[in-house]
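What follows is a short report on a single structure.
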Amino acid sequence: MHALSLKNLKKTYPGGVEALKGISLDVAEGDFFALLGPNGAGKSTAIGIISSLVNKTSGDVKVFGRSLEREPEAVKRCLGLVPQEFNFNPFEPIGEILVNQAGYHGIPRKLAWERAEQYLNQLELWDKRRQPARKLSGGMKRRLMIARALVHRPRLLILDEPTAGVDIEIRRSMWEFIRGINREGVTIILTTHYLEEAENLCRNLAIINQGEIIEHSSMRELLTRLRSESFVLNLKRPLEGLPPHEGLWLKLSEPGLLEVCVNQEQGLNPVFDYLNRNGIEVASMRNKQNRLEQLFIGLLQRDREAS
Amino acid sequence: MIGVIASREWKSLFLSPLAWSVLGVIQLILAWIFLAQIDTFLQVQSRLAGMEGAPGLTDLIATPLFGAAVTFLMLLTPLLTMRLISDELRNGTFSLLLTAPVSMTQIVLGKYLGFMGFIAVSLGLTLLMPLSLLIGGSLDFGKLAAALLGLFLATASFAAVGLFISSLTAQPAIAAIGTYGVLLFFWIINLAAETGEQSGRLFNWLSLQSHYEFMMRGLIRTSDLIYYLLLIAAFLLLTIRRLDNRRRED
Numbered sequence: 007m008h009a010l011s012l013k014n015l016k017k018t019y020p021g022g023v024e025a026l027k028g029i030s031l032d033v034a035e036g037d038f039f040a041l042l043g044p045n046g047a048g049k050s051t052a053i054g055i056i057s058s059l060v061n062k063t064s065g066d067v068k069v070f071g072r073s074l075e076r077e078p079e080a081v082k083r084c085l086g087l088v089p090q091e092f093n094f095n096p097f098e099p100i101g102e103i104l105v106n107q108a109g110y111h112g113i114p115r116k117l118a119w120e121r122a123e124q125y126l127n128q129l130e131l132w133d134k135r136r137q138p139a140r141k142l143s144g145g146m147k148r149r150l151m152i153a154r155a156l157v158h159r160p161r162l163l164i165l166d167e168p169t170a171g172v173d174i175e176i177r178r179s180m181w182e183f184i185r186g187i188n189r190e191g192v193t194i195i196l197t198t199h200y201l202e203e204a205e206n207l208c209r210n211l212a213i214i215n216q217g218e219i220i221e222h223s224s225m226r227e228l229l230t231r232l233r234s235e236s237f238v239l240n241l242k243r244p245l246e247g248l249p250p251h252e253g254l255w256l257k258l259s260e261p262g263l264l265e266v267c268v269n270q271e272q273g274l275n276p277v278f279d280y281l282n283r284n285g286i287e288v289a290s291m292r293n294k295q296n297r298l299e300q301l302f303i304g305l306l307q308r309d310r311e312a313s
Numbered sequence: 160m161i162g163v164i165a166s167r168e169w170k171s172l173f174l175s176p177l178a179w180s181v182l183g184v185i186q187l188i189l190a191w192i193f194l195a196q197i198d199t200f201l202q203v204q205s206r207l208a209g210m211e212g213a214p215g216l217t218d219l220i221a222t223p224l225f226g227a228a229v230t231f232l233m234l235l236t237p238l239l240t241m242r243l244i245s246d247e248l249r250n251g252t253f254s255l256l257l258t259a260p261v262s263m264t265q266i267v268l269g270k271y272l273g274f275m276g277f278i279a280v281s282l283g284l285t286l287l288m289p290l291s292l293l294i295g296g297s298l299d300f301g302k303l304a305a306a307l308l309g310l311f312l313a314t315a316s317f318a319a320v321g322l323f324i325s326s327l328t329a330q331p332a333i334a335a336i337g338t339y340g341v342l343l344f345f346w347i348i349n350l351a352a353e354t355g356e357q358s359g360r361l362f363n364w365l366s367l368q369s370h371y372e373f374m375m376r377g378l379i380r381t382s383d384l385i386y387y388l389l390l391i392a393a394f395l396l397l398t399i400r401r402l403d404n405r406r407r408e409d
């Protein structure tokens, strides 16, 4: 059974703007799925429809086999949403925020407090349970939003930019927490502009552009399509110029910085052979661009050219 | 589920500094009026003692107090109802209710009942003032109950209007001004009833004031009860429709 199934989903806003032009998508149960796309592509509209915030124009939405149209309350019970914007009463204590959210899902207060304790502890917020939400830092607010979305134990969790504006340390701890939730069997749909985040966390993905899905595959399959990869090498000693390098794409962007582009069949060995032959020592090396980012930009460009 | 939403609304009102301020201002002004009425009563008490069927404490103190309370509540209710939905629309917290397994009717009724719970606290505190007169005198409980019912129904209708206007905008200040406009319209609509024509009688029936006055005199008429219940139901239904339509437009 699919955790989420969209069939020919369309949304036209008053005024005639077509946000979704009939997208179809299946997300398997237990998957960690990335829904990617540029701003205004239709991601938020799709999430809005799935989570009952926006009415669809036509098409079908099923969550764990239940139709959103026919059984909206059953669908809402399966679903947790972490929206992009902070949306809580700033004066409400954070423990109460979670308990009230559980209350909306019919969870008794005692059980709600037990769950609130569990998630707030896991997200290192339990000590702050009596503090009003406005007193939390940005990172804490993000974690509060995740705890709130989990308090009714949803089977499908939608994370809309969950780590926006969060420092790298907290972001990585949030990734670990989210991975743990996924390991427990919760299906996760992630939208993010940090493509490194999607590459690290997600197993499958869809890319949406101008209201249409332009890519729907597994992360592994998509990354194998990357024909070439660019690296930046920090050289131990600055160079004035490069010795002849036929058959290799090399560019000295700064005296101590060498850009290398290799295709998949070629690999990096010929580059290192060349560097050894010429006595060029490398201090460190990094990817010039995130691999998914490279593919993402390529796909969008191709889509733009085609349309 | 309505209970959960109502309870959350009730609690969140008490978390808001604005609600505490309004509650404090209402009680302060009404306490002042109450003391002024007692003062007036004490001045005429000796003359009343000799009269047969003279008005008592209920007529001279409790009823005028409740009469004043209606006016103040009409002025202050929009300040509280303005945030019921529009503030949530502005903060994005309304989406929590939309994504929860509750219907729009449950959301609207929960919010309305939560707010009425707050009003009940305010009216309870107001009621303590006339009840304190029992220490040194007696009250006509029938009249007192009728006046209290009138006050409650009038405030309930102010709240229903306020809730609807609050659902129209994400700007609380605009919601408050809009509610003042509608309430004042319903308050003074009977000014047009002076003509005595058919339409005049209709305007008189539509006026919030004309129905409330009978209850202040201790008279509970079915037509007045129906008027208030219809008004409340109509505005609650309009709120449900408006919020459903809003989701369609989004």
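Heads up: the protein sequence lines correspond to chains Z and F, in order.
Under my numbering, the first residue of the first sequence is numbered 7, with each subsequent residue one higher.
Under my numbering, the first residue of the second sequence is numbered 160, with each subsequent residue one higher.
Using N, Cα and C, we set each Cβ at its ideal position, and we do this for glycine too.
Quick one: is Gln307(Z) near chain F, going by C-beta distance under 8 Å?
No, no contact with chain F.
Alpha carbon to alpha carbon, how far is Thr18(Z) from Ile176(Z)? Give it in angstroms, no decimals.
Computed Cα separation, rounded: 38 Å.
Does the Cβ-Cβ distance between Ala212(Z) and Leu85(Z) come in under 8 Å?
With respect to the 8 Å criterion, Ala212(Z) and Leu85(Z) are not classified as neighbours on the basis of their beta carbons.
Report the three-state DSSP secondary structure of Leu74(Z) (helix, strand or coil).
DSSP places Leu74(Z) in coil when its eight states are reduced to three.
Between the C-alpha atoms of Gly212(F) and Trp191(F), what's the straight-line distance to the nearest angstrom?
A direct Cα-to-Cα measurement between Gly212(F) and Trp191(F) gives close to 28 Å.
DSSP state of Cys208(Z), grouped into three classes?
Cys208(Z) falls in the coil class under three-state DSSP.
Whole angstroms is fine: what's the gap from Ser259(Z)'s alpha carbon to Val266(Z)'s?
Cα-Cα distance, rounded: 10 Å.
Using the beta-carbon count (16 or more within 10 Å), is Trp169(F) buried or exposed?
Its Cβ being crowded by 16 or more others within 10 Å, Trp169(F) is buried.
Just by C-beta distance, which residues in the segment 358-390 of chain F are closer than 8 Å to chain Z?
Under the 8 Å Cβ criterion, the segment 358-390 of chain F contributes no residue.
Local conformation of Pro214(F) per DSSP, three classes:
If DSSP states are grouped into helix, strand and coil, Pro214(F) belongs with coil.
Note down, in chain order, each residue of its chain lying with its Cβ closer than 8 Å to the Cβ of Ile103(Z), except the 5 sequence neighbours on either side.
Setting aside the 5 residues that flank it on each side, Ile103(Z) is surrounded in the same chain by Phe94, Asn95, Ala139, Leu150, Arg154, each with a C-beta closer than 8 Å to its C-beta; the list follows chain order.
Would DSSP call Pro99(Z) helix, strand or coil?
Note: Pro99(Z) maps to strand in three-state DSSP.
Three Cβ pairs or more, each shorter than 8 Å: is that satisfied between the segment 261-277 of chain F and the segment 385-403 of chain F?
Segment contact: the segment 261-277 of chain F against the segment 385-403 of chain F, three or more CB-CB distances shorter than 8 Å; contact assigned.
Please classify Asn106(Z) as buried or exposed, where buried requires at least 16 neighbouring CB atoms within 10 angstroms.
Counting the other CB atoms within 10 Å of its CB gives Asn106(Z) a total of 16 or more, which places it among the buried residues.
Where Ser325(F) falls, given that 16 or more other Cβ within 10 Å makes a residue buried
By the neighbour-count definition (other C-beta atoms within 10 Å, threshold 16), Ser325(F) is a buried residue.
Which chain Z residues are close to Ser175(F), counting only those with a beta carbon under 8 Å from its beta carbon?
The answer, in chain order, is Phe97.
Is any non-hydrogen atom of the ligand PLP found closer than 7 Å to the C-beta of Lys49(Z), if you look at the structure I gave you?
Because no ligand of any kind appears in the structure shown, any question about the ligand PLP cannot be addressed here.
Who pairs with Leu258(Z) in a beta bridge, going by DSSP?
In the DSSP output, where bridge partners are listed per residue, Leu258(Z) has Leu264(Z).
Mind listing which residues of the segment 86-114 of chain Z have their C-beta closer than 7 Å to chain F's C-betas, in chain order?
Shown in chain order are the members of the segment 86-114 of chain Z whose Cβ falls below 7 Å from a Cβ of chain F: Leu87, Pro89, Glu91, Asn93, Phe94, Asn95, Phe97, Glu98, Asn106, Gln107, Gly109, Tyr110, His111, Gly112.
Going straight from the alpha carbon of Val88(Z) to that of Pro260(F), what length do you get?
The straight-line gap separating the alpha-carbon atoms of Val88(Z) and Pro260(F) is approximately 16 Å.
Find out if the Cβ-Cβ distance for the pair Ile220(F), Ile185(F) is shorter than 8 Å.
Result no, Cβ atoms of Ile220(F) and Ile185(F) do not sit closer than 8 Å.
Roughly how many angstroms lie between the CA atoms of Thr199(F) and Pro237(F), to the nearest whole one?
Looking at the two C-alpha atoms, the distance is approximately 32 Å.
May I ask which residues mark the beginning and end of the beta strand (DSSP E) holding Gly296(F)?
Membership of Gly296(F) in any beta strand (DSSP E) is not indicated, and neither H nor E is assigned to it by DSSP.
Looking at C-alpha atoms only, which residue of Ser369(F), Ala393(F), Arg376(F) is the closest neighbour of Ser382(F)?
Comparing Cα positions, the closest option is Ser369(F).
State the DSSP-derived secondary structure class of Leu243(F), mapped to helix, strand or coil.
DSSP places Leu243(F) in coil when its eight states are reduced to three.
How is the alpha helix (DSSP H) around Asp279(Z) delimited, first residue to last?
Looking at the DSSP string, the run of the alpha helix (DSSP H) that includes Asp279(Z) is 275-283.
Starting from the N-terminal side, write out each stretch of the alpha helix (DSSP H) that is 4 residues or longer and does not extend beyond the segment 310-347 of chain F.
Runs found: 331-347.
Best match in Phe231(F), Ala165(F), Leu224(F), Asn404(F) for proximity to Ala306(F) [C-alpha to C-alpha]:
Proximity to Ala306(F) across Phe231(F), Ala165(F), Leu224(F), Asn404(F) peaks at Leu224(F), based on C-alpha coordinates.
Between the beta-carbon of Thr328(F) and the beta-carbon of Ser254(F), is there less than 8 Å?
One thing to note: Thr328(F) has its Cβ no nearer than 8 Å to the Cβ of Ser254(F).
How many Å lie between Ala289(Z) and Glu311(Z) at the Cα?
Roughly 40 Å separates the two Cα atoms.
Using 8 Å as the Cβ pair cut-off and three pairs as the minimum, do the segment 219-229 of chain Z and the segment 240-258 of chain Z touch?
Taking a cut-off of 8 Å for Cβ pairs, the segment 219-229 of chain Z and the segment 240-258 of chain Z do not touch, as fewer than three such pairs fall below it.
For Phe317(F) and Val192(Z), I'd like the C-alpha separation in whole angstroms.
So the alpha carbons of these two residues sit roughly 46 Å apart.
Over what stretch of residues does the alpha helix (DSSP H) that includes Ile164(F) continue unbroken?
Counting along the chain, the alpha helix (DSSP H) containing Ile164(F) begins and ends at 161-174.
At a Cβ cut of 9 Å, what residues of the segment 52-73 of chain Z count as close to chain F, listed as they run along the chain?
Within the segment 52-73 of chain Z, Gly54, Ser57, Ser58, Leu59, Val60, Asn61 place their CB atoms closer than 9 Å to a CB of chain F, listed in sequence order.
Please return the same chain residues whose Cβ sits closer than 7 Å to the Cβ of Met225(Z), not counting the five positions on each side in sequence.
Taking Met225(Z) as the centre and dropping the five residues before and after it, the same chain places the C-beta of Glu205, Cys208, Arg209, Asn210, Leu211 closer than 7 Å to its C-beta, in chain order.
Using beta-carbon positions only, say whether His8(Z) and Ala25(Z) come within less than 8 Å of one another.
Cβ atoms of His8(Z) and Ala25(Z): not closer than 8 Å.
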